[in-house]
Amino acid sequence: MIEMAPTADGTFGMGFAGDTFNTAWYARRLAGPEIEVAYLSAVGDDAPSERMRSFMEEAGVAPKLAIRKGKSVGLYMISLHDGERSFSYWRSASAARTLADDLNDLPDLEDGDIAFFSGITLAILPVQGQARLLSTLANARDRGVTIAFDPNLRPRLWPDDRTMCESIMRAAEVSDIALPSFEDEQGFFGDEDVSATADRYSDAGVSLVIVKDGPGPVLVRESARQELVSVEPASKIVDTTAAGDSFNAGFLVGMMNGLPAAEATREGCALARKVIGARGALVDI
Ligand code: ADP
Numbered sequence: 025m026i027e028m029a030p031t032a033d034g035t036f037g038m039g040f041a042g043d044t045f046n047t048a049w050y051a052r053r054l055a056g057p058e059i060e061v062a063y064l065s066a067v068g069d070d071a072p073s074e075r076m077r078s079f080m081e082e083a084g085v086a087p088k089l090a091i092r093k094g095k096s097v098g099l100y101m102i103s104l105h106d107g108e109r110s111f112s113y114w115r116s117a118s119a120a121r122t123l124a125d126d127l128n129d130l131p132d133l134e135d136g137d138i139a140f141f142s143g144i145t146l147a148i149l150p151v152q153g154q155a156r157l158l159s160t161l162a163n164a165r166d167r168g169v170t171i172a173f174d175p176n177l178r179p180r181l182w183p184d185d186r187t188m189c190e191s192i193m194r195a196a197e198v199s200d201i202a203l204p205s206f207e208d209e210q211g212f213f214g215d216e217d218v219s220a221t222a223d224r225y226s227d228a229g230v231s232l233v234i235v236k237d238g239p240g241p242v243l244v245r246e247s248a249r250q251e252l253v254s255v256e257p258a259s260k261i262v263d264t265t266a267a268g269d270s271f272n273a274g275f276l277v278g279m280m281n282g283l284p285a286a287e288a289t290r291e292g293c294a295l296a297r298k299v300i301g302a303r304g305a306l307v308d309i
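In the working numbering, the protein residues as written are 25 to 309.
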């Protein structure tokens with residue numbers, strides 16, 4: 025999405041961000057040249073869409089963007105009131121909502137690659153698009169692609185909480201790795217503790233569940249084994265935007281590099297800790 029962020033002189037600075045894109049951006053920063061990071065979505069055919077593509081290219085993230093005539097990209101604006109940030113969104117006409125319209129396959133992905141998506145990816149799609157995305161991911165999984173999913177619960181993007189929870193668990197069924205955040209999951213699924221969150225995703229067939237919990241230890245559940253990885257407290261917290269997104273990037277790059285899940289989790293924590301120490305979603309690390 026386009027991000028409009030307030031500046032000191034009362035105007036707005038334009039940038040680009042969004043949950044899965046933030047993860048791709050940080051993954052590109054962390055990974056060596058042997059790992060390709062690409063971003064699949066849809067944009068319009070206007071100037072902001074073209075700028076978004078250029079931004080991705082300049083960041084080293086390969087754009088895999090369908091172009092939809094007459095459409096544009098989504099936008100959000102940050103407002104500051106006494107240091108508190110609030111967000112307003114314009115995304116109803118966003119081309120990204122059509123990203124699955126003609127999705128049949130993920131031909132660029134092979135055995136050993138990771139495909140990452142989130143509950144926001146799913147939430148913005150029409151019901152048919154959701155089904156198409158999940159069946160495309162399931163086919164890629166059959167070819168040996170690892171499917172990673174951050175549920176990223178955003179009730180305002182769904183018709184109601186029940187639809188959200190059902191759709192999230194359908195997405196879990198096609199996923200090998202789930203990266204939920206406990207606070208959100210507890211609120212909507214009523215999980216008693218991080219272990220209950222891990223149980224729910226394990227029961228859906230997810231073989232590796234990583235439950236984030238803000239400054240609390242991260243639960244790593246791999247098949248029958250479980251480990252708690254402690255989080256080094258941040259010395260200063262400036263802005264927690266993209267804490268989870270950057271964690272995901274550190275973790276996924278760690279996995280691509282062949283680290284055990286607990287080690288990859290430490291990579292995620294180290295990156296997120298740096299990101300919350302500075303302002304904005306995309307922090308120059
Ligand atoms: P989300 O942004 O998805 O809500 P969380 O709040 O669960 O994500 O945090 C994601 C990760 O960010 C945590 O697992 C942890 O590694 C890191 N993190 C969050 N808050 C802190 C903190 N206060 N100190 C250090 N690390 C933190």
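Every residue gets a Cβ at the ideal spot worked out from N, C-alpha and C, and that includes glycine. This one's a predicted model, so the numbers in the text were calculated from it and none came from an experiment.
Given 7 Å as the limit, tell me if V307 has its C-beta closer than that to any heavy atom belonging to the ligand ADP.
no
With distance defined between alpha-carbon atoms, name the residue in R167, P150, F141 nearest to A195.
F141
Check this for me: beta carbons of G68 and S96, under 8 Å apart or not?
yes
Apart from the five residues just before and just after A39, which ones in its own chain have a Cβ nearer than 6 Å to its Cβ?
It is Gly, not Ala, that sits at residue 39 in the sequence shown. Result list for G39: E27, in chain order.
Go ahead and pull the three-state DSSP assignment for K298.
helix
Chain-order list of residues whose beta-carbon lies under 7 Å from that of S226 (same chain, five-residue window excluded):
V233, R245
Establish whether the CB of D237 and some CB of chain D are separated by less than 8 Å.
The chain inventory of the structure shown lacks chain D, comprising one protein chain alone.
Could you tell me the distance, in whole angstroms, from the CA atom of D263 to the CA atom of G238?
13 Å
Residue range of the beta strand (DSSP E) that W114 falls in?
108-114
Please classify P57 as buried or exposed, where buried requires at least 16 other C-beta atoms within 10 Å of its C-beta.
exposed
Is C189 near the ligand ADP, going by C-beta to nearest heavy atom under 7 Å?
no
Looking at G292 and the ligand ADP, is the gap between the Cβ and the nearest heavy atom below 7 Å?
yes
Evaluate D235 with the Cβ neighbour count: other Cβ atoms within 10 Å of its Cβ, from every protein chain shown; 16 or more gives buried, anything less gives exposed.
Just to set this straight, residue 235 is Val in the shown sequence, not Asp. Buried, since its Cβ has 16 or more Cβ neighbours within 10 Å.
When you compare the CB positions of E256 and A286, do they come within less than 8 Å of one another, or not?
no
Own chain, CB closer than 6 Å to G37, minus 5 neighbours either side, in chain order:
A29, T31
Integer-rounded CB distance, given that G301 should sit under 8 Å from K260
6 Å
Pick helix, strand or coil for R303, following the three-state DSSP scheme.
coil
Does the distance between the C-beta of D217 and the nearest non-hydrogen atom of the ligand ADP fall short of 7 Å?
no
At a cut of 8 Å, does the region 192-212 reach the region 152-164 through at least three beta carbon pairs?
yes
Please classify F111 as buried or exposed, where buried requires at least 16 neighbouring CB atoms within 10 angstroms.
exposed
Could you check the C-alpha separation between S118 and G214 for me, to the nearest Å?
32 Å
Evaluate contact between the region 159-178 and the region 201-210, counting only Cβ atoms and requiring at least three cross-stretch pairs below 8 Å.
yes
Using beta-carbon positions only, say whether A296 and G274 come within less than 8 Å of one another.
yes
DSSP three-state assignment for V262, whether helix, strand or coil:
coil
Starting from the N-terminal side, write out each stretch of the beta strand (DSSP E) that is 3 residues or longer and does not extend beyond the region 235-279.
240-246, 249-253
Quick one: residues in its chain with C-beta nearer than 7 Å to the C-beta of L158, no 5 flanking neighbours on either side, listed in chain order?
R194, A195, V198
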